[in-house]
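The block underneath contains the structure these notes are about, expressed in structure tokens.
Numbering (full-length UniProt numbering), first residue to last: 1 to 197.
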């Protein structure tokens with residue numbers, strides 16, 4: 001069905017890689033191995049292959065942030081049955097591990113899931129910061145000193161803001177005292193040391 005929707009919209013169905021474990025199903029970009037979705041196993045409520053179309057399988061997972069149920073549909077030419085069986089086996093193994101640990105494993109998995117989410121957020125933030133640093137370095141290269149044709153180094157004129165003002169410019173030595181409209185400011189009156197009553 002999703003394939004038909006994508007085709008009607010003129011979009012190509014993206015290829016993904018699945019990583020199935022007792023902790024969940026990760027949907028990865030096949031080239032970069034970047035995690036696109038991380039579906040924790042205890043949040044998956046349904047998984048099945050389509051009996052009429054042997055290329056389609058699906059699972060339903062409750063999203064931890066929006067608390068909504070999301071349906072993931074996959075189209076695979078060869079291994080649909082094997083994938084659904086593997087997810088089923090992951091459920092069996094996770095349940096056995098849960099019984100062996102006396103229920104302590106659930107809390108550990110929640111902590112691991114929270115840490116994995118935080119790691120993903122930090123990796124995204126790190127990538128954004130690297131891009132900002134690169135942009136700033138590029139801007140710095142543009143505003144650095146340029147060499148003149150004679151070989152001498154001349155500084156580029158300072159950049160200005162939108163009001164054509166140079167930010168934080170040093171005070172010129174010619175005008176040591178500030179002026180208003182070309183005139184000197186009035187003298188500061190002296191204070192008397194005694195207070196009269």
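Backbone N, C-alpha and C define an ideal beta-carbon position, used for all residues, glycine too.
Here's the rule: buried if 16 or more other CB atoms are within 10 angstroms of the residue's CB, otherwise exposed. What is residue i?
i	result
residue 38	buried
residue 46	exposed
residue 109	buried
residue 23	buried
residue 79	exposed
residue 85	exposed
residue 134	exposed
residue 142	exposed
residue 129	exposed
residue 83	buried
residue 204	No answer is possible for residue 204: the residues shown for the chain start at 1 and end at 197.
Specify the secondary structure class of residue i as computed by DSSP and reduced to three states.
i	result
residue 77	coil
residue 16	coil
residue 117	helix
residue 139	helix
residue 22	coil
residue 89	helix
residue 108	helix
residue 127	helix
residue 134	helix
residue 32	coil
Between which two residues does the beta strand (DSSP E) carrying residue i extend?
i	result
residue 58	56 to 62
Can you tell me which residues form a DSSP beta bridge with residue i?
i	result
residue 69	62
residue 51	Paired residue(s): none; residue 51 is not in a bridge.
residue 102	According to DSSP, which records beta bridges pairwise, residue 102 is partnered with nothing at all.
residue 37	27
residue 44	61
Just to confirm my understanding: we take residue i, look at its own chain, exclude 5 residues before and 5 after, and list those with CB closer than 8 Å. What are they?
i	result
residue 87	20, 25, 44, 47, 59
residue 18	25, 26, 27, 28, 74, 83
Looking only at its own chain, which residues have a Cβ that is under 7 Å from the Cβ of residue i, when we skip the five neighbours before and after it?
i	result
residue 71	58, 60
Is the Cβ of residue i closer than 8 Å to any Cβ of chain C?
i	result
residue 142	Of the protein chains in the structure, only one exists, and it is not chain C.
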